[in-house]
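The structure under discussion appears below in the form of structure tokens.
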């Protein structure tokens with residue numbers, strides 16, 4: 153943040169765009185989270201994780217790469233990948249989003265230093281990628297399929313927009329625009345004298361649409377749409393892995409590299425928000441249906457295959473061998489958010505919430521210092537979080553997701569004074585309504601540990617609020633308005649709206665039944681036949697060996713009718729509700745000792761013996777001593 | 153085969169080596185298979201497959217690469233991989249093994265042409281690898297971890313030995329020896345003035361030991377042992393993938409690239425046969441136990457992971473996503489064979505037989521023209537055999553396995569006149585006993601379709617014969633000697649020996665109960681819980697959609713007590729026994745249509761309806777119209 157241009161408060165985001173989205177986001181600068189679930193994690197993120205990541209960026213040469221490109225240092229390019237710049241940009245975006253809550257002088261210095269290094273490394277023509285400098289300069293734009301130049305550009309632009317939004321400064325935005333201008337001049341249809349092409353790793357599509365929204369410059373939107381339109385026409389020689397096997401409007405399944413595909417879908421949704429094109433929207437609906445009905449883990453994680461970090465076949469959802477990259481879950485949240493903005497249906501926030509709690513959050517240790525790249529749903533104790541990776545996409549991605557989390561809580565209808573509440577947590581928001589009024593909304597709740605959400609609205613005149621009844625709430629929620637109970641339960645499937653003349657201080661109480669519940673899986677998922685998973689509210693649970701000593705978790709059997717005991721344990725894993733139950737353990741008989749297969753009938757197991765099972769939230773696994781972990785348990 | 157040196161008959165293999173192996177192989181030239189199971193496939197292999205593969209070798213430039221190295225053609229190196237030479241060598245080995253049964257002039261020409269091209273490409277110092285010629289000559293031996301030079305050398309030597317054994321010619325053997333000499337001079341301990349190193353892809357260990365056995369030159373054995381000893385000491389920077397993560401004697405689990413590890417184990421077994429070293433033997437026993445008890449598919453296939461074509465964790469055996477490379481199964485057969493030679497225990501032939509029928513044979517189409525690289529145990533109809541691969545290791549490997557199959561049938565005790573019969577098929581063998589006599593053994597059987605094996609032995613004087621009672625024969629086999637039934641059933645776990653003074657024409661009848669049987673899997677294999685596989689004798693069965701129309705195979709449930717009907721269907725898939733049964737189909741209810749997960753209890757399925765299931769041998773799958781296939785079926 154340059155000293156001559158200090159931030160004076162939240163910068164209002166333009167809302168004149170996105171004519172085809174039903175909802176408008178409530179910017180994160182207008183939302184405050186003050187709960188005991190997210191806020192301690194977000195505090196660690198901005199106060200410790202970001203600084204630690206910055207040190208990694210320096211120590212691994214990722215910032216030196218910019219200095220090298222600017223001619224300030226004489227070193228070889230550092231790092232294994234041509235997309236190392238993107239880690240710096242993602243960190244910068246995370247740091248920018250954290251500024252309103254943490255205007256720490258040290259953090260400001262890191263941000264401004266980084267921006268200076270980036271700006272100095274930009275080429276006169278606007279091009280900016282530290283890998284393709286000096287001896288590799290002739291290789292620029294020669295391999296769109298594999299080399300991630302457009303991907304890196306997208307992250308630069310997103311960081312620039314974030315920095316502009318929270319500081320008002322256009323220092324980095326100018327850099328991003330210059331590069332975007334260069335890209336717009338370079339890529340396009342041959343008849344326009346440009347080079348045909350599409351990114352091998354999607355990301356820039358989202359960035360360009362947001363740059364259009366931020367600047368009003370139509371070229372950026374057109375460029376994003378061009379990149380989407382040009383995919384699947386053999387321009388870069390990509391395949392399913394790159395979602396380049398067929399035109400986007402004909403894609404019906406989530407395929408290939410999972411992060412790529414959800415980033416693409418996020419970009420498509422952004423284009424649809426501006427254009428309303430039915431064919432693109434239809435493709436999104438098909439892809440969304442495929443992902444959620446055939447390829448989604450119970451955690452919300454996606455991309456089951458190690459091989460290619462990829463989506464697999466329908467119903468291919470192994471547990472111990474699930475890949476479920478943290479970045480893919482983050483991309484899924486971004487996509488879900490955009491789908492929800494398009495039409496306001498709560499099904500998207502349902503998936504977004506599940507994914508945030510159970511597929512994004514496990515990617516970070518409770519102390520904020522180590523990360524999962526892969527998130528298996530079962531383990532033998534050998535999968536542990538790491539402080540950094542050679543391919544370091546996940547750590548700064550988790551950081552920017554946590555930093556920007558308040559931005560995922562509320563939306564407002566584009567025409568009516570109607571606010572949608574997507575997520576629940578203690579806190580407040582100041583929502584600017586389409587008619588210019590501001591509604592002050594206060595959430596008082598212990599969600600996700602408790603199921604009661606008390607919402608106070610300070611606004612006068614016509615106003616409506618939509619409270620999501622989550623899809624896990626199959627028996628329905630109860631709602632009390634100013635103390636008066638509505639006689640009918642509210643069921644999942646739509647936000648609940650209250651439209652009347654509001655008095656300041658009106659209170660709504662939403663009561664979500666937070667009982668432990670067992671979940672079954674579609675019978676075509678081969679590994680989950682006869683098994684159950686345990687959930688409570690939005691949280692997926694798992695079983696760790698350290699809480700369940702003396703037997704092998706694979707040998708436990710849960711009784712579907714058994715009653716689970718809940719207890720809040722303040723001292724454990726940052727404070728969690730544990731779930732316990734009486735169950736049975738039936739280890740394999742000794743006859744199995746020396747073999748894998750036996751002719752039926754076989755004495756498969758010894759007599760069952762009683763066991764006591766303890767479950768913890770899945771997001772908190774692998775924060776204690778290593779041991780076996782399981783989500784899906786045999787059931788009878 | 154040079155015209156001046158025509159083969160005059162089987163060349164006797166030296167038997168003075170391998171003091172620490174209990175058994176000696178009966179060379180394939182002394183064995184004849186004349187059954188209706190293997191023989192038609194072997195005839196297609198030698199009469200059609202080998203010629204087709206030769207065309208592929210020419211068309212893909214693999215033989216041109218040798219011409220290029222010799223300066224005969226001016227082309228760039230063709231093919232994707234630095235190990236393309238090995239495909240030529242493996243084909244040559246297969247062609248050589250086929251010569252005794254198929255001395256076709258065209259085949260002889262192909263062999264002799266190929267040998268000439270290879271010989272002409274050899275460097276003056278003995279080095280021979282067409283990838284590392286001209287501009288890449290300076291890269292020779294610079295990357296043992298990844299570049300497969302020693303692997304290719306091993307295949308050259310094996311081809312040379314095969315060619316020498318069946319023709320008596322030393323034309324290719326001289327080439328192989330010169331390269332082996334070059335390797336012996338190059339690699340070794342620093343104190344000897346040599347370069348430390350070990351192969352990144354094992355293979356040459358087996359070849360060098362066999363070269364020692366063939367030539368009597370101790371240096372080759374020492375070199376093989378050196379390569380095994382030097383592994384796991386950080387010489388080439390390999391990891392688990394290369395079995396270079398720890399010294400061989402400390403390895404306890406099959407890890408990394410599956411083909412590599414079973415080739416390594418085969419080489420270790422060869423060294424143990426010569427040295428008898430207990431520590432090496434101990435490692436083999438541990439590795440064997442790990443593979444067969446924790447990492448073996450019911451088909452005998454190994455290497456479950458796509459990622460790295462690798463072994464996974466213990467009990468990690470997915471079905472639709474099994475990798476189970478054809479070459480890995482072939483390597484497993486080679487290892488099992490060697491283990492059996494070491495101590496004569498039939499457990500090794502049990503695994504070898506299962507693997508041959510159910511993991512090697514599925515790699516080849518019934519018409520001998522297309523191949524599987526991967527062999528999944530379930531499929532949605534999209535996995536189909538291909539005529540060739542960019543990485544074409546599997547096709548010539550299948551060809552050499554089929555061509556050399558007779559060599560896996562019999563062994564003879566190194567001291568006593570005692571013959572072990574490992575495999576059963578109509579045919580005969582002339583076995584040279586340690587005392588110089590020859591026993592003529594005739595098998596009369598319809599195995600594996602029928603379970604009766606009639607063995608006639610023409611020999612006089614002391615003689616013993618061991619007939620393996622396969623491990624699937626849990627209820628035991630019956631034996632009749634010259635018409636007299638032994639009152640007790642013979643159980644699996646040891647060969648059955650008959651030691652007495654034999655009269656020419658003595659007859660033994662072995663009766664193996666070939667009933668269909670259901671097999672259960674160790675409960676820690678996540679995907680097979682509650683499921684069964686179907687076997688009959690050594691053959692694994694599977695279900696194909698084409699035989700089971702009108703329902704989804706994933707929805708079928710087999711009754712464990714149901715009676716299976718057997719019928720031999722001559723017209724089907726080259727003649728097979730099909731197995732049929734009445735079962736139930738319970739498709740998922742409509743409630744599952746739009747979701748993957750539901751809170752328990754859920755109406756998981758509609759009322760079951762009756763269904764008629766038809767199973768075929770797994771080796772024959774994917775030879776008709778594409779459709780879903782399953783090996784493991786839900787059972788109640």
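Protein chains in written order, with our numbering: chain A, 153 to 788; chain B, 153 to 788.
Note that beta-carbon positions come from the ideal geometry of N, C-alpha and C, so glycine has one too.
Name the chain A residues that come within less than 8 Å of residue i, Cβ to Cβ?
i: residue 448(B); result: 748
i: residue 721(B); result: Neighbours of residue 721(B) on chain A: none; closest Cβ ~25 Å, over 8 Å.
For residue i, which residues of its own chain have a beta-carbon under 6 Å away from its beta-carbon, when the five flanking residues on both sides are left out?
i: residue 355(B); result: 303, 306, 415
i: residue 776(A); result: 698
i: residue 186(B); result: 578, 579
i: residue 241(B); result: 307, 308, 311
i: residue 334(A); result: 277, 278, 279
Suppose the cutoff is 8 Å on Cβ atoms and the five residues either side in sequence are ignored; what does the same chain contact list for residue i look like?
i: residue 400(A); result: 380, 381, 383, 384, 416, 420, 432, 435
i: residue 258(B); result: 203
i: residue 503(B); result: 444, 448, 452, 484, 488
i: residue 154(B); result: Note that residue 154(B) scores 35 on pLDDT, short of 50, meaning its location in the model is unreliable; the coordinates nonetheless yield the value given after this. Here the set comprises 264, 321, 323.
In terms of DSSP beta bridges, what is residue i paired with?
i: residue 654(A); result: 613(A)
i: residue 781(B); result: 531(B), 696(B)
i: residue 356(A); result: DSSP lists no partner for residue 356(A).
i: residue 606(A); result: 596(A), 661(A)
i: residue 719(B); result: 730(B)
i: residue 563(B); result: 177(B), 572(B)
i: residue 579(A); result: 185(A), 595(A)
i: residue 636(A); result: 633(A)
Applying a beta-carbon distance threshold of less than 7 Å, which residues of chain A neighbour residue i?
i: residue 532(B); result: 465
i: residue 471(B); result: 678
i: residue 115(B); result: The first residue shown for chain B is 153 and the last is 788, placing residue 115(B) beyond what the model contains.
By the criterion of Cβ-Cβ separation under 8 Å, what are the contact partners of residue i in chain B?
i: residue 670(A); result: 751, 752
i: residue 684(A); result: 752
Would DSSP call residue i helix, strand or coil?
i: residue 707(A); result: helix
i: residue 681(B); result: coil
i: residue 687(A); result: strand
i: residue 620(B); result: strand
i: residue 326(A); result: helix
i: residue 238(B); result: helix
i: residue 222(A); result: coil
i: residue 233(B); result: coil
i: residue 307(B); result: helix
i: residue 388(B); result: coil
For residue i, which residues in chain A fall below 9 Å Cβ to Cβ?
i: residue 614(B); result: What residue 614(B) touches in chain A: nothing, since even the nearest Cβ is about 36 Å away.
i: residue 626(B); result: 750, 751
Name the chain B residues that come within less than 7 Å of residue i, Cβ to Cβ?
i: residue 459(A); result: 458, 459
So, does the CB of residue i fall closer than 8 Å to a CB anywhere in chain C?
i: residue 711(B); result: Included in the structure are the protein chains A and B, with no chain C among them.
Interface residues of chain B around residue i at Cβ under 9 Å?
i: residue 405(A); result: Going along chain B, no residue has its Cβ under 9 Å from residue 405(A), so there is no contact; the nearest lies around 12 Å.
query: Counting pairs of beta carbons, one from the segment 562-573 of chain B and one from the segment 540-552 of chain B, are three or more of them closer than 8 Å?
result: These segments do not touch.
- prompt: With a cut-off of 8 Å, do at least 3 Cβ pairs link the segment 261-268 of chain A to the segment 563-577 of chain A?
  reply: A contact is defined here as three or more CB-CB pairs under 8 Å, and the segment 261-268 of chain A fails this definition with respect to the segment 563-577 of chain A.
task: Inspect the CB distances between the segment 368-379 of chain A and the segment 311-320 of chain A and report whether three or more fall short of 8 Å.
output: Contact between the segment 368-379 of chain A and the segment 311-320 of chain A is absent, because fewer than three Cβ pairs lie under 8 Å.
- prompt: Would you call the segment 723-740 of chain A and the segment 489-496 of chain A in contact, with 3 or more CB pairs under 8 Å?
  reply: no
message: Would you call the segment 268-285 of chain B in contact with the segment 208-228 of chain B, where contact means no fewer than 3 C-beta pairs closer than 8 Å?
response: yes
message: Does the segment 505-520 of chain A come into contact with the segment 458-468 of chain A, if we say contact requires no fewer than three beta-carbon pairs (one atom in each stretch) closer than 8 Å?
response: A contact is defined here as three or more CB-CB pairs under 8 Å, and the segment 505-520 of chain A fails this definition with respect to the segment 458-468 of chain A.
query: Within the chosen definition, does the segment 604-616 of chain B reach the segment 727-739 of chain B through at least 3 CB pairs nearer than 8 Å?
result: no
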